[in-house]
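Read in order, the letters of the sequence shown are residues 5 to 91 in my numbering.
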Amino acid sequence: MLAFGYYLQLVVGLDPCPLCIIQRLLLFAVGVAFLVAALHHPAGRLGARLYGGVIALLAALGIAVAGRHVWLQHIPADQRPACGPAL
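Here it is as C-alpha cells:
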C-alpha cells in the first residue's frame, strides 16, 4: 500500500495531502512496532501487553485519521475548505 502511494506521488505526479502523509507515517509506525515486537519477542506478559498497547494506539490513530479523511471526502462540494482541510 505504501509502495503504491509512493508510486502515485513520485512517478505519476500526484501530490499527497497532509492527511495522506499522516496516514503513511502511522502505517509505517505500526509496521515498525510490529517488527520490533517480533524481533524482541518479550517473554513475559507485561512486555507483550506493552507492545500490543503501543501497536493498538498507533492503529487507532491511523483509523481516526482515515475516518476524518473519508468524512472530508463526503462533504458536499460547496462546503469543502478551499485550501486544504485542517486536522
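Ideal Cβ positions, reconstructed from N, Cα and C, are used throughout, including at glycine.
Just so it is clear, the structure is predicted and the values come from calculations on it, not from any experiment.
{"Check": "Under 8 Å by Cβ, that's how I've got leucine 6 and phenylalanine 32 pegged, so tell me the actual separation to the nearest angstrom.", "Outcome": "7 Å"}
{"Check": "Is the number of C-beta pairs between the stretch 12-31 and the stretch 62-79 that are closer than 8 Å three or more?", "Outcome": "yes"}
{"Check": "With 16 other CB atoms within 10 Å as the buried threshold, where does glutamine 27 fall?", "Outcome": "buried"}
{"Check": "Check for me: the alpha helix (DSSP H) holding glutamine 77 runs from which residue to which?", "Outcome": "49-77"}
{"Check": "Cβ atoms of leucine 30 and leucine 65: under 7 Å apart, would you say?", "Outcome": "yes"}
{"Check": "What residue range does the alpha helix (DSSP H) around histidine 44 cover?", "Outcome": "22-44"}
{"Check": "Could you give the distance in angstroms between the alpha-carbon of leucine 12 and the alpha-carbon of leucine 18?", "Outcome": "6 Å"}
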